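Since the structure comes first, as structure tokens, the remarks are kept for the end.
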Amino acid sequence: MVLVKDWNITSALAGLVGLAALYLLVSFIRDPLRGIPGPLFARISNVWLILLDNSGMRSQTLHYLHKKYGPVVRIGPDQVAFSTKQAMRDIYGTNTNYAKAPAYGAFGRKSLFTMRVKEEHRERQKRIAHVFGPASVAQIEPIVTEQVIKFLKCVESRLNQPMDMMLWFRMLALDVTSDIFFGKNFGCLEQGLAPQILHDLDEVFPAYWVEWQFHLLHKLLMWVPYSRLYHFLTVGHRFYDYGAQAFEDYVKRYGRAGNRRDLLQKLIAESKEPGGSKPLPDKDIIVEITNLIFAGTDTTGNTFSYMFFELARHPEWQEKLHQELDKVDFIGVPAHSNVSQLPILDALIHETLRVWPASPASLPRVTPIGGGIIDGVRVPENAIVSIQAYTTQRDPIYFPRPDEFLPERWLDSELRTDLVAMRDMILVWGKGQRACMGKPIAMMELRVTTAALMKRFVVELESEATVDDMEMRDHFVLMAKGGKCMLKFRER
Ligand code: HEM
């Protein structure tokens, strides 16, 4: 009797194992991505990608996988990572039909940045594009100048002392973006203190991510009577409230047809162009300005930090920049037109953004109905395909000695390959329809601030610990492992 029972259990188990094996075999045979190389676990589950995202090591790990498996790597059951120039054209090209992936839902409420449906995005873009036009960059230059003057004073009063420049540059970027999009700044540079919003900024993406990835768990955690946890989980709402408050104050102070020369005014006002578009509803304006604070603060702030970190490590490039700036006539903060075409300054900015891309990670897209052919590889519909700046910008064909900071590759030197192709491989600003709209503003900030600082000062590492602190981590946006960048300035 016992024997019969055992036999039944054994045969039931064997049957289950057999079914599972059959299921795996059929899935393997029917798997349209089976020919694409990649780690075994990536074929089975996306869990490892979730863990990777959490660890801050996504870009570096995917880069390693590209080195191991080549330019096309399977990174999930329905996810493929590419890395070539042709793949960039196929996925992000202006006329392609690859929508942003559902993961963009993890970036908060619906806005220009997060919209996935092409037509919806195009409509929103039409209504916002004028805010980022060349005239706007010139219009907001005085706002940037005013903040950089304050920033110079902050540095001046702390000469020869260790300064956490990651904090200071983030504070500068926050005061600039909030002045432009909220109509008032947070007074970081005046008070020399990080306001709550800067701490909230550290937590907002992880919190959105938890909400998006584990929606139910997020709802349950909200009931846990632990104030620190509640504070973390509700940071996205606080962010919206910052925007809503700023918007209300702005309309009270300047009215809807005011003439303050910032970009919020452009968003609120009726377009003066014949046939120009109507302003967005207030609640959409609030979401957009709030998102623009995310878009413009850490990206620009961290790029500054890594550029000054590299300058501190490369006194020979400081010397070259000093010589270049000595030929430009300005005191304090230069006009952007005076420093917008300086080869050494631009080479330093380009090389910083190449080695330390402010947005190093995959920009995921969904393949359209009927699938697509990407760099000659057929990918079925509804798959997630992506490319990351960290890898395209380290392609040794275009960037010899790719891991080294060598600004001369952007100048007339033997390291320069084909300049057009080099620029094509730069993905830090995104590409095509969804490329960064704030690039001209960010470039203006980077140029005038760097020129203003380096005209007067020399920058040095505070200690070798800074190198360890600056090791790269990414949570979509580039972060530094130590969360700080300790440098010292002195008068030239
Ligand atoms: C170093 C600075 C910056 C970098 C590296 C950067 C990078 C990027 C990237 C990679 C994207 C595209 C993301 C994707 O395809 O998923 C993007 C989009 C965007 N960025 Fe930036 N950004 C920077 C600064 C700024 C600033 C200062 C602003 C605003 C003033 C801004 C506004 C935007 C907007 C509005 C979009 C959405 C465009 C769309 O989807 O139509 N960015 N940025």
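The opening position of the sequence shown corresponds to residue 30 in this note's numbering, with each subsequent residue numbered one higher.
Note that the Cβ used here is the ideal one computed from N, Cα and C, for glycine as well.
Just so you know, these numbers come straight off a predicted model, no measurement behind them.
Asked	Found
Limits of the unbroken beta strand (DSSP E) element including Pro92	Reading off the sequence, residue 92 comes out as His, not Pro. First-last for His92: 87-98, but that is the alpha helix (DSSP H), not the beta strand (DSSP E).
Cutoff 8 Å; reference Asp311; Cβ partners in own chain excluding five residues on either side	Phe276
Test item: CB-CB of Gly193 and Gly401 under 8 Å	According to the sequence displayed, residue 193 carries Asp and not Gly. Result no, Cβ atoms of Asp193 and Gly401 do not sit closer than 8 Å.
Cβ-Cβ distance between Lys139 and Met454 below 8 Å	no
Alpha carbon of Leu475 to alpha carbon of Ile73, nearest angstrom	44 Å
Contacting residues, own chain, Cβ-Cβ under 6 Å from Arg438 (five flanking each side not counted)	Leu444, Arg445
CB of Met483 within 8 Å of CB of His266, strictly	no
Assigned exposure category for Phe243 - 16 Cβ within 10 Å defines buried	exposed
Strand pairing of Met528, partner residues [DSSP]	Residue 528 falls outside the range modelled here, since the chain spans only 30 to 521, and no answer is possible.
Rounded separation between Leu374 and Asp404 - CA only	35 Å
Residue environment, Gln347, which counts as buried when at least 16 other CB atoms sit within 10 Å	buried
Helix, strand or coil at Leu45 according to DSSP, with G and I counted as helix	helix
Distance, Tyr427 Cα to Asp447 Cα	7 Å
Member of Tyr259, Thr479, Pro171, Ile416 whose CA lies at the smallest distance from the CA of Arg290	Pro171
Close-in-space but distant-in-sequence residues of the same chain around Glu491 (CB under 7 Å, 5 per side omitted)	Pro191, Met515, Leu516, Lys517
Where Ile38 falls, given that 16 or more other Cβ within 10 Å makes a residue buried	exposed
Straight-line Cα distance separating Arg59 from Val46	20 Å
Arg519: first and last residue of the uninterrupted beta strand (DSSP E) it sits in	515-520
DSSP three-state assignment for Asp424, whether helix, strand or coil	coil
Cβ-Cβ distance between Leu227 and Leu203 below 8 Å	yes
Proximity test, Met117 beta-carbon vs the ligand NAP heavy atom, cut-off 7 Å	In the structure shown, the ligand NAP is absent; the only ligands present are the ligand HEM.
Proximity to Leu440 [Cα-Cα], best of Pro372, Ile413, Lys510	Pro372
Check whether Gly467 and Gly325 have beta carbons under 8 Å apart	yes
Backbone secondary structure at Thr392 - three-state DSSP	Per the sequence shown, residue 392 should be read as Leu rather than Thr. Here Leu392 sits in coil by DSSP.
Option in Gly399, Val239, Ala450 with minimal Cα separation from Asp82	Val239
Heavy atom of the ligand HEM within 7 Å of Thr421 beta-carbon	no
Nearest residue (CA-CA) to Met117, options Phe337, Gln462, Val477	Gln462
Heavy atom of the ligand HEM within 7 Å of Ser112 beta-carbon	no
Residues bridged to Asp193 [DSSP beta-bridge criterion]	Met515
Supposed contact pair Ile318 and Gly272 - C-beta distance, whole angstroms, cut 8 Å	5 Å
Proximity test, Trp543 beta-carbon vs the ligand HEM heavy atom, cut-off 7 Å	Residue 543 is absent from the model: the chain starts at 30 and stops at 521.
Given 8 Å, three or more beta-carbon pairs between the segment 178-187 and the segment 494-512	no
Distance between Gln370 and Phe486 (C-alpha atoms, nearest Å)	21 Å
Option in Thr329, Pro409, Met499 with minimal Cα separation from Leu62	Pro409
Rounded Cβ spacing between Gly105 and Leu80 (contact assumed at less than 8 Å)	About 12 Å; that fails the 8 Å criterion.
Closer than 7 Å: Thr174 CB and nearest the ligand HEM heavy atom	no
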